[in-house]
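S.K.: Okay, here's the structure, questions in a sec.
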Amino acid sequence: MTPKGDSRTQKSSQQASLEWLSAEYHDLNGDHIDILEGTPTALEFARIVQISRPVLIKRFQASSCKWSNDYLISKMGSRPISVAVTPNGRADAITLGPNGKLYFAEPAVEKMTMKSLLDNLSDDKASDGDGAAAEKYYLQSQNGNVYSSRFFNGQDDSSEFETLRQDIPSDVKWCTEALDKSPEAVNVWIGDGGSISSIHSDPYENIYTVVRGQKHFTLLPPTDGWCLDERFYPHATYVRNAGDLVLQPSPEISPPSCIQRG
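Note that the UniProt record's numbering has the sequence shown beginning at 1, numbered continuously upward.
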């Protein structure tokens with residue numbers, strides 16, 4: 001058995017080592033982000049991936065640049081799409097439940113047309129008129145909602161966004177060549193400034209294309225992982241109850257969900 005004093009000393013030593021590693025990383029790398037004025041070659045991108053640092057690539061034009069509201073509504077028509085809905089814009093986040101406990105809360109997912117989604121996003125009122133916060137809508141599915149792994153494996157791959165596939169390439173050629181593999185998923189996300197993702201880890205090499213507006217990222221290097229207070233929380237999901245969104249805890253048999261909090 002390790003004496004308590006020795007355990008605290010060991011933990012303190014580990015903490016000091018982690019702090020030193022983090023400080024060394026920031027001293028050597030700083031917070032500079034490279035900006036490319038055009039798309040890289042496969043070799044250039046492979047070198048970027050090798051050092052595992054984010055990069056901003058300008059002038060990456062795609063056919064999706066013509067995506068006005070009218071265009072999207074015309075292309076999608078009455079096709080239903082799956083949209084996340086929360087009371088506050090925080091999907092997949094730690095939330096205080098009705099019983100006073102903290103839960104990892106997933107959003108309600110509701111079917112609506114593209115027009116309904118865009119109408120909800122264009123309504124910039126802060127409340128619903130009664131002082132209550134307006135619900136937040138976010139097209140945020142991460143399961144390959146345009147192209148999934150089934151597509152790249154040559155299998156049938158139906159999509160809610162079938163009519164937009166002609167605007168969305170199934171891969172980025174210089175990225176596919178650099179990594180020598182096809183993507184595992186291609187997603188389209190549509191939201192506004194009220195949608196916020198919790199801090200999380202992501203084991204993928206991601207390529208984001210901003211078609212309209214802005215997307216803000218807070219990125220932490222692996223050396224700062226110790227700064228996050230990673231814990232397990234019981235799971236819950238928002239559901240409709242008499243028109244309102246309420247948090248419904250999942251059965252106790254559900255495995256706890258993990259989230260990192262700063």
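The beta carbon of each residue, even a glycine, is placed where N, CA and C say it ideally should be.
For E110, write down the residues that DSSP places opposite it in a beta bridge.
M.R.: Counting from one through the sequence shown, the residue named residue 110 turns up at place 110. Answer is V83, bridged to E110.
S.K.: Please classify F217 as buried or exposed, where buried requires at least 16 other C-beta atoms within 10 Å of its C-beta.
M.R.: Here residue 217 corresponds to residue number 217 of the sequence shown, with the count starting at 1. Result: exposed.
S.K.: Given a cut-off of 9 Å on the beta-carbon distance, is the pair G97 and P251 in contact?
M.R.: Here residue 97 is taken as the residue at index 97 of the sequence shown, counted from 1. Here residue 251 is taken as the residue at index 251 of the sequence shown, counted from 1. 9 Å or more divides the Cβ of G97 from the Cβ of P251.
S.K.: State buried or exposed for A126, treating a residue as buried only when at least 16 other CB atoms are found within 10 Å of its CB.
M.R.: Stepping through the sequence shown from its first residue, residue 126 is reached at position 126. Confidence at A126 is low in this model, with a pLDDT of 49, below 50, so its placement is unreliable and no value can be given for it.
S.K.: Assuming A185 and N143 make a contact with CB atoms under 8 Å, what is their CB distance in whole Å?
M.R.: As a first step, residue 185 is located in the sequence shown; it is residue number 185 there, counting from the start. As a first step, residue 143 is located in the sequence shown; it is residue number 143 there, counting from the start. Yes, they are in contact, since the Cβ atoms of A185 and N143 sit about 7 Å apart, within 8 Å.
S.K.: Using the beta-carbon count (16 or more within 10 Å), is W118 buried or exposed?
M.R.: Here residue 118 refers to the residue found at position 118 of the sequence shown. Before going on, a small fix: residue 118 reads as Leu here, not Trp. Looking at its Cβ environment, which holds 16 or more other Cβ atoms inside 10 Å, L118 is buried.
S.K.: Do L139 and M188 have their beta-carbon atoms positioned less than 9 Å apart in this structure?
M.R.: Taking the first residue of the sequence shown as 1, we reach residue 188 at position 188. Taking the first residue of the sequence shown as 1, we reach residue 139 at position 139. Inspection of the sequence shows that residue 188 is occupied by Val rather than by Met. Yes. Within cutoff.
S.K.: Could you check which residue in H200, K136, K75, R53 has the C-alpha nearest to that of R229?
M.R.: Counted from its first residue, the sequence shown places residue 229 at position 229. It is Asp, not Arg, that sits at residue 229 in the sequence shown. For the residues H200, K136, K75, R53, the minimum Cα distance to D229 belongs to H200.
S.K.: Taking DSSP's pairing of strands, which residues face A93 in a bridge?
M.R.: Residue mapping note: residue 93 aligns to position 93 of the sequence shown, counting from 1. Paired residues: A105.
S.K.: Three-state secondary structure (DSSP) at Q142?
M.R.: One-based indexing of the sequence shown puts residue 142 at position 142. If DSSP states are grouped into helix, strand and coil, Q142 belongs with coil.
S.K.: Is R240 closer than 9 Å to A108 when the C-beta atoms are compared?
M.R.: Indexing the sequence shown from 1 puts residue 108 at position 108. Indexing the sequence shown from 1 puts residue 240 at position 240. Yes.
S.K.: Report the CB separation of A105 from T95 in whole angstroms; it is logged as a contact under 8 Å.
M.R.: As a position in the sequence shown, residue 105 is number 105, starting the count at 1. As a position in the sequence shown, residue 95 is number 95, starting the count at 1. Their Cβ separation, rounded to whole angstroms, is 4 Å, which keeps A105 and T95 in contact under 8 Å.
S.K.: Residues in its own chain within less than 7 Å of S170 by CB, not counting five upstream and five downstream?
M.R.: As a position in the sequence shown, residue 170 is number 170, starting the count at 1. Excluding positions up to five away in sequence, the list reads Y147, F151, V186.
S.K.: Measure the CB-CB distance between Y25 and D224 and report whether it falls below 9 Å.
M.R.: Taking the first residue of the sequence shown as position 1, residue 25 is located at position 25. Taking the first residue of the sequence shown as position 1, residue 224 is located at position 224. Against a cut-off of 9 Å, the Cβ pair of D224 and Y25 comes out as a contact.
S.K.: With Q248 as the anchor, note down where its beta strand (DSSP E) starts and where it stops.
M.R.: To locate residue 248, count along the sequence shown from 1; it is residue 248. Looking at the DSSP string, the run of the beta strand (DSSP E) that includes Q248 is 244 to 249.
S.K.: Within a Cβ cutoff of 6 Å, which residues of the same chain sit near R59, ignoring the five residues on either side of it in sequence?
M.R.: Numbered from its first residue, the sequence shown carries residue 59 at position 59. The answer, listed in chain order, is G38.
S.K.: Only counting runs of 4 or more residues, tell me where the alpha helix (DSSP H) segments fall wholly within the region 167 to 207, in order along the chain.
M.R.: 173 to 179
S.K.: Can you give me the C-alpha to C-alpha distance between G194 and R165, rounded to a whole angstrom?
M.R.: As a position in the sequence shown, residue 194 is number 194, starting the count at 1. As a position in the sequence shown, residue 165 is number 165, starting the count at 1. Roughly 27 Å separates the two Cα atoms.
S.K.: Let me know if T41 comes out buried or exposed under the rule of 16 or more other beta-carbons within 10 Å of its beta-carbon.
M.R.: The sequence position of residue 41 within the sequence shown is 41, counting from 1. Its Cβ having fewer than 16 others within 10 Å, T41 is exposed.
S.K.: In chain order, what residues of the same chain have a beta carbon less than 8 Å from the beta carbon of T237, not counting five sequence neighbours either side?
M.R.: For this step, residue 237 is matched to residue 237 along the sequence shown. Contacts found: A105, E106, P107, A108, L247, Q248, S250.
S.K.: Below 9 Å between beta carbons: does that hold for I33 and L18?
M.R.: On the sequence shown, position 33 is the one that residue 33 refers to. On the sequence shown, position 18 is the one that residue 18 refers to. No. Outside cutoff.
S.K.: Helix, strand or coil for F45? Go by DSSP, reduced to three states.
M.R.: In the sequence shown, the residue the question calls residue 45 occupies position 45. Note: F45 maps to helix in three-state DSSP.
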